[in-house]
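Quick look at the structure:
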């Protein structure tokens with residue numbers, strides 16, 4: 001479903017990713033692990049199309065469509081969702097308004113009918129309850145004054161409502177206490193589906209106790225240096241990234 | 001190819017300002033230029049009493065001695081006051097008329113603008129929906145005022161200024177110029193000499209006006225100015241909510257709009273005055289557009305009286321206006337909620353004055369400025385407390401949002417507290433529309449335009465919610481149209 005070939009990305013003329021290749025088939029969850037500065041967030045931003053992340057080579061396709069030719073909203077409409085490491089605050093815009101505008105924008109881009117207000121509320125109420133979120137919180141300005149855990153839960157709620165083909169979770173575990181981590185992970189696991197792929201980016205193995213990946217890749221110095229099953233994450237937890245940092249250097 | 005692109009651009013421009021059409025209405029004009037004869041011509045056209053003509057002539061003489069102000073942060077070529085028409089009116093007999101007598105062509109113009117002047121249609125609307133009485137001012141004259149019968153049953157007088165001068169001379173004579181004196185400033189003085197029409201409202205003691213009142217101003221004629229004068233009096237314990245809307249055709253030359261609005265509020269009375277100003281702003285290069293030089297002031301004469309100004313300013317090439325409150329009555333209060341949007345080459349210098357004269361007076365200012373393109377926006381505000389204004393309080397919040405790299409926002413607050421018990425608070429922020437916010441919204445599926453709209457609507461929410469419901473929806477759309485193409 002997601003197919004990346006020899007992708008190179010530079011930020012302010014500094015190369016961050018160089019010749020990265022990766023395939024994530026439908027129905028699978030892949031984890032990307034790596035030391036700080038390896039380019040993990042750069043990969044997620046480049047896939048989502050953040051301005052300033054300049055693709056200098058290679059390709060990335062979702063369901064065969066060239067992602068790199070699309071603007072961020074078109075990639076979203078194609079089914080790409082990015083759960084941000086640091087979710088952005090939007091003052092004056094209630095979370096519900098934001099979410100409904102986003103959902104309808106995607107529907108419109110795909111030529112589907114707008115969702116009615118009652119259907120939308122039903123959908124959101126159900127997903128919010130599953131994530132143990134207080135519905136009243138959704139009437140507040142998006143992410144403004146939310147705790148770190150609330151922001152992450154809000155990201156997962158958005159993912160659940162927008163129901164993407166490909167979900168990229170960037171450091172979703174950072175800033176979460178153990179209870180929040182469990183709830184968020186359950187939310188993510190509930191989204192696993194045969195027609196959906198997930199890319200879980202994390203520094204620590206801890207998250208992978210809850211979200212069990214089909215494959216683990218090690219990203220170091222801008223490229224994938226090792227791939228394996230879930231046991232690779234455990235090895236990294238034991239032995240650290242040293243071996244891969246040296247191998248890449 | 002370039003020509004094709006240019007044409008496309010022009011067509012887009014047309015679509016953006018959808019009120020830019022010119023109507024072929026048979027009109028008559030005063031001779032071009034400004035002189036004592038022009039003033040006499042206008043007064044005679046309206047069949048005014050002698051005292052009114054004298055008042056105008058006095059204003060004209062005072063105006064000759066005044067100088068055009070230069071302190072505002074706006075720039076424009078010198079205005080040739082002799083090169084304009086000071087009176088333009090649809091050719092028809094004057095005098096009050098019913099809807100049936102109004103030129104159907106004129107009714108069609110207002111229909112095109114989305115303003116219904118047909119009472120039956122409004123009446124036949126959804127049950128429980130708020131109703132609006134409308135005074136429609138076309139260039140220099142009021143063409144019709146709706147719902148007069150129903151309003152007069154409640155004791156409310158709502159009519160054109162010309163009619164008020166004729167039929168309610170005592171009230172007009174008592175209050176006209178009592179809030180904004182003839183020689184208050186250059187443009188107000190000019191208005192006092194040549195004002196042509198406008199709305200007059202009187203709400204008697206203890207009456208809550210049964211519906212929203214509104215005036216819709218339309219400049220149609222070329223090379224003409226519009227000088228309307230509005231006077232609203234809320235007698236003791238009265239309440240009225242008044243809305244004002246304005247549009248003009250797209251023309252390459254600049255047109256002057258110098259209006260005066262006076263509000264008089266007696267004991268325990270309240271006036272809520274809302275404006276959605278959408279005069280033609282000029283094109284992308286800054287050609288054409290309205291010079292909107294307006295004086296608006298409320299006099300809270302009565303104890304516990306209250307005034308609330310809400311304005312959404314999206315149009316005009318240049319806006320120069322400071323809706324103000326003189327808080328004279330003990331415990332009186334004034335509010336000012338403003339959204340000022342400038343795009344392309346527009347300039348706005350706008351704000352408010354809260355003048356605390358009475359004890360325990362309160363005021364609140366929320367001003368939101370949005371600048372895009374090569375525009376410039378200035379908030380200019382005065383908050384002052386007289387020695388007698390013990391316990392006066394003010395809260396001011398000024399926020400500026402910049403879109404793009406070539407616009408400017410300025411905040412110029414003047415604060416004078418001349419007694420120790422006054423408590424004034426001032427908060428100000430300036431932010432740039434953040435790339436991170438835009439990307440976040442686009443990642444969720446919003447197009448760039450939709451993302452800008454959503455973020456801007458969030459920024460102005462505090463003010464939008466002060467507008468009457470229907471106006472808020474209209475204003476929200478206007479905000480979106482005004483900022484189209486401002487990013488990227």
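Chains as they are written, first to last, in this note's numbering: chain B, 1 to 249; chain G, 1 to 488.
Beta carbons: idealized from backbone N, C-alpha and C, even for Gly.
Query raised in the report: Looking at residue 177(B) and residue 145(B), is the spacing between their C-beta atoms short of 8 Å?
Result: no
Query raised in the report: residue 52(B) and residue 71(B): beta carbons closer than 8 Å?
Result: no
Query - Residues near residue 339(G) by beta carbon distance below 6 Å, same chain, minus five either side - result: 312, 368, 460, 463
**Report entry** C-alpha gap between residue 486(G) and residue 394(G), whole angstroms
**Finding:** 34 Å
Query - Per-residue contacts from residue 445(G) into chain B (C-beta, under 8 Å) - result: 73, 76, 77, 102, 103, 105, 106, 109, 162
Query raised in the report: For the beta strand (DSSP E) that contains residue 1(B), what are its first and last residues?
Result: Where residue 1(B) is concerned, there is no enclosing beta strand (DSSP E), given that its DSSP letter is neither H nor E.
Query raised in the report: Are any of the Cβ atoms in chain B nearer than 8 Å to that of residue 454(G)?
Result: yes
Query raised in the report: Which term fits residue 478(G), buried or exposed, when burial requires 16 or more other beta carbons within 10 angstroms of its beta carbon?
Result: buried
Report task. Starting from residue 197(B), trace the beta strand (DSSP E) both ways and give me its first and last residue. Result -> 197-202
Query raised in the report: Thinking C-alpha only, which one of 211(B), 232(B), 103(B) is nearest residue 183(B)?
Result: 211(B)
Report task. Grab the span of the beta strand (DSSP E) containing residue 507(G) for me, first residue to last. Result -> Nothing in the structure corresponds to residue 507(G), since chain G is present only between 1 and 488.
Query raised in the report: Is DSSP giving residue 7(G) helix, strand or coil here?
Result: Residue placement at residue 7(G) is poorly supported in this model, since its pLDDT is 47, which falls under 50; the coordinates still yield a value, given next. Residue 7(G): helix per DSSP, three-state reduction.
Query raised in the report: Just reading off the beta strand (DSSP E) that residue 65(G) is part of, what are its end residues?
Result: Note, residue 65(G): premise wrong, no beta strand (DSSP E); alpha helix (DSSP H) at 50-65.
Report task. Compare the C-beta of residue 450(G) with all C-beta atoms of chain B and state if any pair is closer than 8 Å. Result -> yes
Requested in this report: Check the Cβ of residue 91(B) against every Cβ in chain G and list those closer than 8 Å, keeping chain order.
Outcome: 458, 459
Query raised in the report: Counting only beta-carbon atoms, is residue 85(B) nearer than 8 Å to chain G?
Result: no
Query raised in the report: Roughly how many angstroms separate the alpha carbons of residue 175(B) and residue 147(B), rounded to a whole number?
Result: 9 Å
Query raised in the report: In this structure, does DSSP put residue 33(B) in helix, strand or coil?
Result: strand
Query - DSSP bridge partner residues for residue 417(G) (one or two, in chain order) - result: 385(G)
Requested in this report: Would you list, in chain order, the members of the region 416-442 of chain G that have their beta-carbon closer than 9 Å to a beta-carbon of chain B?
Outcome: 434, 435, 436, 437, 438, 439, 440, 441, 442
Report task. Give the range of the beta strand (DSSP E) segment to which residue 147(B) is assigned. Result -> Residue 147(B) -> no beta strand (DSSP E), and no H or E assigned at all.
**Report entry** Pairwise C-alpha distance: residue 456(G) and residue 445(G)
**Finding:** 17 Å
Query raised in the report: the region 136-167 of chain B: which residues have C-beta closer than 8 Å to a C-beta of chain G, in chain order?
Result: 141, 158, 162
Query - Closest Cα partner of residue 391(G) within the set 263(G), 358(G), 383(G), 346(G) - result: 358(G)
Query - Contact set for residue 438(G): own chain, Cβ-Cβ below 8 Å, skip 5 residues either direction - result: 448, 451, 452, 455, 487
Query - Length-filtered (3 minimum) beta strand (DSSP E) runs lying within the region 258-298 of chain G - result: 260-265, 270-277
Report task. Report buried or exposed for residue 189(B), applying the criterion of at least 16 other Cβ atoms within 10 angstroms of its Cβ. Result -> exposed
Query raised in the report: Ordered along the chain, which non-local residues of its own chain (more than five positions away) have a Cβ less than 6 Å from that of residue 192(G)?
Result: 59, 182
Report task. Measure the alpha-carbon distance for residue 76(G) versus residue 259(G) and round it to whole angstroms. Result -> 19 Å
Query raised in the report: At which residue ranges does the region 40-73 of chain B contain complete beta strand (DSSP E) runs of 3 or more residues, listed in the order of the chain?
Result: 53-62
Query raised in the report: Under 8 Å between C-beta atoms, does residue 213(B) make it to chain G?
Result: no
Query - chain G contact for residue 51(B) (CB, 8 Å cutoff) - result: yes
Query raised in the report: What span of residues does the alpha helix (DSSP H) with residue 189(G) cover, start to end?
Result: 186-194
Query raised in the report: What in chain G is Cβ-close to residue 48(B), meaning under 7 Å?
Result: 443
**Report entry** Meets three-Cβ-pair contact criterion under 8 Å: the region 30-40 of chain B and the region 215-223 of chain B
**Finding:** yes
Query raised in the report: From the beta carbon of residue 88(B), is the nearest beta carbon of chain G less than 8 Å away?
Result: yes
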